[in-house]
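The sequence shown runs 12 to 145 under my numbering. The beta-carbon is built from N, C-alpha and C at its ideal position, and this holds for glycine as well. What follows is a set of notes on a single structure, which appears directly below.
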Amino acid sequence: TWENNYAARLGLGVAADYALAIGLDAIQERCLGLADDLRGYLRDIPGVAIHDLGERPAAIVSFAIDGIESLAINAHLREKRINVSVSKPPSTLLDASARRLPPVVRVSPHYYNTEGEIAKAAALVSDLTKGKAN
Numbered sequence: 012t013w014e015n016n017y018a019a020r021l022g023l024g025v026a027a028d029y030a031l032a033i034g035l036d037a038i039q040e041r042c043l044g045l046a047d048d049l050r051g052y053l054r055d056i057p058g059v060a061i062h063d064l065g066e067r068p069a070a071i072v073s074f075a076i077d078g079i080e081s082l083a084i085n086a087h088l089r090e091k092r093i094n095v096s097v098s099k100p101p102s103t104l105l106d107a108s109a110r111r112l113p114p115v116v117r118v119s120p121h122y123y124n125t126e127g128e129i130a131k132a133a134a135l136v137s138d139l140t141k142g143k144a145n
């Protein structure tokens with residue numbers, strides 16, 4: 012009970028101060044905007060299915076590509092320095108079962124990401140669908 016991770020506590024405080032200085036509304040707007048941009052790119056790529064729901068989806072973009080395993084998509088994007096994750100159906104059992112979702116790739120743009128990074132991620136996804144992934 013007497014050991015603490017002081018570095019993590021200090022880091023959390025600095026991160027909170029940083030976010031408050033930028034403004035939580037500005038961060039939300041930026042994240043949602045980048046996610047919307049990515050969805051727009053992905054909608055134009057044949058074979059890509061976006062699995063986000065709602066009138067105003069969150070800043071997490073979930074998608075799959077027909078005929079390509081989500082883990083392979085994850086590996087390819089990570090190799091190209093695009094951080095993504097895969098959400099398997101058991102992690103969202105009720106929703107995934109009801110909608111018969113496959114494992115989906117999850118992209119979580121944040122306020123520090125650039126429009127160029129979003130475009131690059133989409134281009135890499137497009138390359139995968141065309142068999143150009145190297």
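- Buried or exposed: which applies to Val25, given that a residue is buried once 16 or more other Cβ atoms fall within 10 Å of its Cβ? Position 14 of the sequence shown holds residue 25. When all chains shown are included, Val25 counts as exposed.
- Message: Given this structure, state the Cα-to-Cα distance separating Ala109 from Ser119, to the nearest angstrom.
- Response: Here residue 109 corresponds to residue number 98 of the sequence shown, with the count starting at 1. Here residue 119 corresponds to residue number 108 of the sequence shown, with the count starting at 1. Between Ala109 and Ser119, the C-alpha separation is close to 24 Å.
- Message: Run through the DSSP bridge pairs and tell me what Arg110 is partnered with.
- Response: The sequence position of residue 110 within the sequence shown is 99, counting from 1. Answer by DSSP bridge pairing: none, since Arg110 is not bridged.
- How should Ser96 be labelled, buried or exposed, when 16 other C-beta atoms within 10 angstroms of its C-beta is the threshold for buried? Taking the sequence shown and counting its residues from 1, the one referred to as residue 96 is at position 85. Of the residues assessed, Ser96 falls on the exposed side of the cut-off, its CB having fewer than 16 other CB atoms within 10 angstroms.
- Item | For Trp13 and Ala19, the rounded distance between their alpha carbons | Position 8 of the sequence shown, counted from the start, is the residue given in the question as residue 19. Position 2 of the sequence shown, counted from the start, is the residue given in the question as residue 13. Straight through space, the alpha carbons of Trp13 and Ala19 are spaced by roughly 15 Å.
- Item | Of the residues Leu135, Tyr122, Lys131, Thr140, the one placed nearest Leu45, counting alpha carbons only | Here residue 45 refers to the residue found at position 34 of the sequence shown. Minimum Cα distance to Leu45 is reached at Tyr122.
- Query: Between which two residues does the beta strand (DSSP E) harbouring Ser96 extend?
  - Reply: Counting from 1 along the sequence shown, the entry for residue 96 is found at position 85. Per DSSP, Ser96 belongs to the beta strand (DSSP E) from 96-98.
- Which same chain residues, not among the five before or five after Pro100, have their C-beta less than 8 Å away from its C-beta? On the sequence shown, residue 100 is found 89 positions in, with the first residue counted as 1. Residues Ala107, Ser108, Leu112, Pro113, Pro114 of the same chain have their beta carbon placed closer than 8 Å to that of Pro100, with the five preceding and five following residues left out of the count.
- Query: In the DSSP assignment, what are the bridge partners of Arg117?
  - Reply: Here residue 117 refers to the residue found at position 106 of the sequence shown. Paired residues: Ser73, Ser96.
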